[in-house]
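Chemist: I'd like to ask you about the structure that follows.
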Amino acid sequence: MEDSETHNLKRETIEQQYKTVRERTSNFNSYTSGGSHVMEYGSTSIKAEKIYLYQGFDPASVNFPPNELSHDTQMEAINQRDADILFLWHMYKNSEDGSKKKEILKQISETMRHRIHLDGSIDLIGTVLYGPAKGSVILNTIREPGLPLVDDWQCLKSMVRLFETHCGSLTQYGMKHMRAFANICNSDVSQSAMEEACVAACSSSHDPTQWHPSNHGYSA
Numbered sequence: 001m002e003d004s005e006t007h008n009l010k011r012e013t014i015e016q017q018y019k020t021v022r023e024r025t026s027n028f029n030s031y032t033s034g035g036s037h038v039m040e041y042g043s044t045s046i047k048a049e050k051i052y053l054y055q056g057f058d059p060a061s062v063n064f065p066p067n068e069l070s071h072d073t074q075m076e077a078i079n080q081r082d083a084d085i086l087f088l089w090h091m092y093k094n095s096e097d098g099s100k101k102k103e104i105l106k107q108i109s110e111t112m113r114h115r116i117h118l119d120g121s122i123d124l125i126g127t128v129l130y131g132p133a134k135g136s137v138i139l140n141t142i143r144e145p146g147l148p149l150v151d152d153w154q155c156l157k158s159m160v161r162l163f164e165t166h167c168g169s170l171t172q173y174g175m176k177h178m179r180a181f182a183n184i185c186n187s188d189v190s191q192s193a194m195e196e197a198c199v200a201a202c203s204s205s206h207d208p209t210q211w212h213p214s215n216h217g218y219s220a
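So for the sequence shown, full-length UniProt numbering puts the first residue at 1; every next one is plus one.
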């Protein structure tokens, strides 16, 4: 859409649009800061056809110049797990001094503290379950290509819920730890052992009300 809205679609071909979008989406072939891969599927015999045959034509675009997007400036991207912090930060920067600004700053601080709590709790659970030498290794293990993330999806759901009950909602940020929960299931840890580890990791550091899944919902 970004490309179509800045071109005369009676002059631009499907192939031209593909190349333009591929370059833009790959962050100008760097694949950094959020750049990704655009792929072609289906018949390539239509590449020479004009785009208006498929998307229609807006008469207002008849005199459009070539794409006006800047092609020499890389995109600034942010990890999706930081979107909530970015949103709060913009609210903070655009708020006038006063109680509202202080409240937003408090939300930012609480969110960051909860992130630190989540990361630390996962690490400690790994230590309790597997020992200090193996905990991190097992939790971060990547399975061989072709194997599913987890053998028992019901186990994954149960382990996530046990964690969130005792340690608080994962939030979007904490979803990055889903592989750790999968590896806990793949190593045949019992629910009782997992619950014991969660209690040990979170009983003294977790606010049982603010981040409880009854307020935020379960992630699985």
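Beta carbons are placed, not taken as given, at the ideal position from N, Cα and C, and that holds for glycine.
By the 10 Å Cβ neighbour count, where 16 or more other Cβ atoms means buried, how is Tyr173 classified, buried or exposed?
Modeler: Within the sequence shown, residue 173 is the residue found at index 173, counting from 1. It counts as buried.
Chemist: Return the CA-CA distance between Ile142 and Asn183, expressed in angstroms with no decimal places.
Modeler: Looking up residue 142 in the sequence shown gives position 142. Looking up residue 183 in the sequence shown gives position 183. If I take the Cα positions, the gap works out to 9 Å.
Chemist: Express the C-alpha separation of Lys176 and Val189 in angstroms, rounding to a whole number.
Modeler: Translated into the one-based positions of the sequence shown, residue 189 becomes position 189. Translated into the one-based positions of the sequence shown, residue 176 becomes position 176. Near 20 Å, if we compare the C-alpha coordinates of Lys176 and Val189.
Chemist: Would you please state the rounded distance, in angstroms, between the beta carbons of Ile108 and Leu86? I believe it to be under 8 Å.
Modeler: Numbered from its first residue, the sequence shown carries residue 108 at position 108. Numbered from its first residue, the sequence shown carries residue 86 at position 86. Rounded, the Cβ-Cβ distance is 10 Å, inconsistent with contact.
Chemist: Below 8 Å, is the gap between the Cβ of Val21 and the nearest heavy atom of the ligand SAM?
Modeler: Ligands displayed in this structure: none; no statement on the ligand SAM is therefore possible.
Chemist: How is Thr13 classed by DSSP in three states: helix, strand or coil?
Modeler: The residue you call residue 13 lines up with position 13 of the sequence shown. Here Thr13 sits in strand by DSSP.
Chemist: Give me the residue from Glu23, Tyr54, Thr25, Val38 with the minimum Cα distance to Ile14.
Modeler: Within the sequence shown, the letter at position 14 stands for residue 14. Checked all of Glu23, Tyr54, Thr25, Val38; the closest Cα to Ile14 is Tyr54.
Chemist: What distance in whole Å lies between the Cβ atoms of Thr171 and residue 237, which are believed to be in contact at a cut-off of 8 Å?
Modeler: Missing from the structure shown is residue 237; the chain here goes from 1 to 220 and no further.
Chemist: Do Gly135 and Gly146 come within 9 Å of each other at the CB atom, strictly closer than that value?
Modeler: Within the sequence shown, the letter at position 146 stands for residue 146. Within the sequence shown, the letter at position 135 stands for residue 135. No, these two residues do not count as a Cβ contact at 9 Å.
Chemist: Using 9 Å as the limit for Cβ to Cβ distance, is Ile85 near chain B?
Modeler: In the structure shown, chain B does not exist; there is a single protein chain.
Chemist: If Ser219 sits next to Ser169, beta carbons under 8 Å apart, how far is it from one beta carbon to the other, in whole angstroms?
Modeler: What you label residue 219 is simply residue 219 of the sequence shown in a count that begins at 1. What you label residue 169 is simply residue 169 of the sequence shown in a count that begins at 1. The Cβ separation is near 7 Å, so the contact holds.
Chemist: Please check the pair Cys198 and Leu156, which I expect to be a contact at CB under 8 Å, by giving their CB distance rounded to whole angstroms.
Modeler: Your numbering for residue 198 matches position 198 in the sequence shown. Your numbering for residue 156 matches position 156 in the sequence shown. Between Leu156 and Cys198 the Cβ distance is about 15 Å, and since that is not below 8 Å, they are no contact.
Chemist: Looking at the structure shown, is Lys102 part of a helix, part of a strand, or coil, going by DSSP?
Modeler: As a position in the sequence shown, residue 102 is number 102, starting the count at 1. Three-state result, Lys102: helix.
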